[in-house]
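Top line first, the protein sequences correspond to chains Z and H. With the first sequence counted from 1, adding 515 to any position gets you our numbering. With the second sequence counted from 1, adding 161 to any position gets you our numbering. Where is the CB? At the ideal position from N, CA and C, for every residue including glycine.
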Amino acid sequence: EDQVTQSPEALRLQEGESSSLNCSYTVSGLRGLFWYRQDPGKGPEFLFTLYSAGEEKEKERLKATLTKKESFLHITAPKPEDSATYLCAVQPVLGYKLSFGAGTTVTVRA
Amino acid sequence: SAVISQKPSRDICQRGTSLTIQCQVDSQVTMMFWYRQQPGQSLTLIATANQGSEATYESGFVIDKFPISRPNLTFSTLTVSNMSPEDSSIYLCSVEGQETQYFGPGTRLLVL
Numbered sequence: 516e517d518q519v520t521q522s523p524e525a526l527r528l529q530e531g532e533s534s535s536l537n538c539s540y541t542v543s544g545l546r547g548l549f550w551y552r553q554d555p556g557k558g559p560e561f562l563f564t565l566y567s568a569g570e571e572k573e574k575e576r577l578k579a580t581l582t583k584k585e586s587f588l589h590i591t592a593p594k595p596e597d598s599a600t601y602l603c604a605v606q607p608v609l610g611y612k613l614s615f616g617a618g619t620t621v622t623v624r625a
Numbered sequence: 162s163a164v165i166s167q168k169p170s171r172d173i174c175q176r177g178t179s180l181t182i183q184c185q186v187d188s189q190v191t192m193m194f195w196y197r198q199q200p201g202q203s204l205t206l207i208a209t210a211n212q213g214s215e216a217t218y219e220s221g222f223v224i225d226k227f228p229i230s231r232p233n234l235t236f237s238t239l240t241v242s243n244m245s246p247e248d249s250s251i252y253l254c255s256v257e258g259q260e261t262q263y264f265g266p267g268t269r270l271l272v273l
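As structure tokens, then:
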């Protein structure tokens, strides 16, 4: 069974204070690792797909990286609007099921 | 990415009743999925719904409790049957896109 573990559960940051979120995974052949952002009362919003170890993707203040066992989401100089729950998910080569971690809730104070 | 809408956005129901949730997509898609997000927990796949075939359910979910329809390539419904307070969750539909699955806004269900 594919498993995804995210840490920390919650992260409180001061505006401008950079930090990283961790996503550890086990999967029977990785098709892709996905990062989503979820705001309260809304569905997950797609951020990144990573396919192979060593790959990196960037979008504004966010940068996602991937190794064979984990992925990191780096938040550089965060702003209050970056406050959200960040979800990590993996999809195996065989099948379409996304297995999600429990998420990291990020709060950025001005 | 596809634009996905769900109805209702939220509901409060009595135990023992059933609720049907609708998911509408603005483009034709082959694969649609239904997920549950229980309070404080992450998303769990309930079933995969392909047009023209029976839905495929994940371990722990059964058709009698969560019947699904997929009448065409832009629409699906999920029914939560004979509800109990443990069914209080957010129910989300998603569609397979070019790069990943894209999610609807969710239906927030509270069962009293």
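So residue i is in the beta strand (DSSP E); what residue range does that whole segment cover?
i, result
"Q175 (chain H)", "Unbroken run through Q175 (chain H): none, as it is neither H nor E."
"V241 (chain H)", "236-241"
"T261 (chain H)", "Here T261 (chain H) belongs to no beta strand (DSSP E), and DSSP marks it neither H nor E."
"L613 (chain Z)", "Per DSSP, L613 (chain Z) belongs to no beta strand (DSSP E) and is neither H nor E."
"S598 (chain Z)", "Careful: S598 (chain Z) lies outside any beta strand (DSSP E) and carries neither H nor E."
"V621 (chain Z)", "619-624"
"R708 (chain Z)", "Residue 708 (chain Z) cannot be examined here, being either before or after the span of chain Z that is shown, 516 to 625."
"L571 (chain Z)", "According to the sequence shown, residue 571 (chain Z) is Glu rather than Leu. 571-574 is the span of the beta strand (DSSP E), which, as asked, contains E571 (chain Z)."
"E585 (chain Z)", "585-590"
Could you check the C-alpha separation between residue i and residue j for me, to the nearest Å?
i, j, result
"D225 (chain H)", "I173 (chain H)", "21 Å"
"A163 (chain H)", "D187 (chain H)", "6 Å"
"M192 (chain H)", "T541 (chain Z)", "25 Å"
"S220 (chain H)", "I207 (chain H)", "8 Å"
"E516 (chain Z)", "E585 (chain Z)", "17 Å"
"A604 (chain Z)", "S614 (chain Z)", "5 Å"
"G265 (chain H)", "S170 (chain H)", "10 Å"
"Q553 (chain Z)", "S214 (chain H)", "31 Å"
"S242 (chain H)", "F227 (chain H)", "6 Å"
"E257 (chain H)", "V623 (chain Z)", "32 Å"
"T520 (chain Z)", "Q202 (chain H)", "12 Å"
"F587 (chain Z)", "G177 (chain H)", "44 Å"
"T582 (chain Z)", "L548 (chain Z)", "10 Å"
"C273 (chain H)", "T181 (chain H)", "Before going on, a small fix: residue 273 (chain H) reads as Leu here, not Cys. Taking the straight line from one Cα to the other gives about 17 Å."
"A599 (chain Z)", "Y196 (chain H)", "20 Å"
"S522 (chain Z)", "G618 (chain Z)", "8 Å"
"S179 (chain H)", "D248 (chain H)", "11 Å"
"P555 (chain Z)", "Y601 (chain Z)", "11 Å"
"E570 (chain Z)", "T580 (chain Z)", "6 Å"
Do you know whose CA, among the options, lies nearest residue i's CA?
i, options, result
"L577 (chain Z)", "Z:G569, Z:G558, Z:Q521, Z:D597", "Z:D597"
"S245 (chain H)", "H:S166, H:T205, H:W195, H:Q175", "H:Q175"
"K574 (chain Z)", "Z:K584, Z:K612, Z:F563, Z:K583", "Z:F563"
"S533 (chain Z)", "Z:G544, Z:I590, Z:G616, Z:T520", "Z:I590"
"L253 (chain H)", "H:V223, H:N233, H:S179, H:T240", "H:T240"
"A639 (chain Z)", "Z:K557, Z:P607, Z:E530", "Examination of residue 639 (chain Z) is not possible in this model, given that chain Z is present from 516 through 625 alone."
"A625 (chain Z)", "Z:R527, Z:P523, Z:Q518", "Z:R527"
"T209 (chain H)", "H:V190, H:E247, H:R269", "H:V190"
"C538 (chain Z)", "Z:W550, Z:G544, Z:Q606", "Z:W550"
"S237 (chain H)", "H:L271, H:N211, H:V223, H:Q198", "H:N211"
| Of the residues that make up the segment 254-270 of chain H, which ones have a beta carbon closer than 7 Å to any beta carbon in chain Z? | Listed in sequence order: E257, E260, T261, Q262, Y263, F264, G265, P266, G267.
| If you scan the segment 182-250 of chain H from start to end, which runs of the beta strand (DSSP E) of 3 or more residues do you find wholly inside it? | 192-198, 204-211, 229-233, 236-241
| query | Looking at chain C, which residues of the segment 548-569 of chain Z have a Cβ within less than 7 Å of any of its Cβ atoms? | reply | Of the protein chains in the structure, Z and H, none is chain C.
| query | What are the residues of the segment 599-625 of chain Z that lie near chain H, defined by any Cβ-Cβ distance shorter than 7 Å? | reply | L602, Y611, K612, L613, F615, G616, A617, G618
| query | Using Cβ-Cβ distances below 7 Å, what residues of the segment 196-216 of chain H are close to chain Z? | reply | Per Cβ criterion, the list reads Q202, S203, L204, L206, T209.
| request: Output, in sequence order along the chain, the residues in the segment 168-199 of chain H whose CB is closer than 7 Å to any CB in chain Z. | output: So the close ones are M192.
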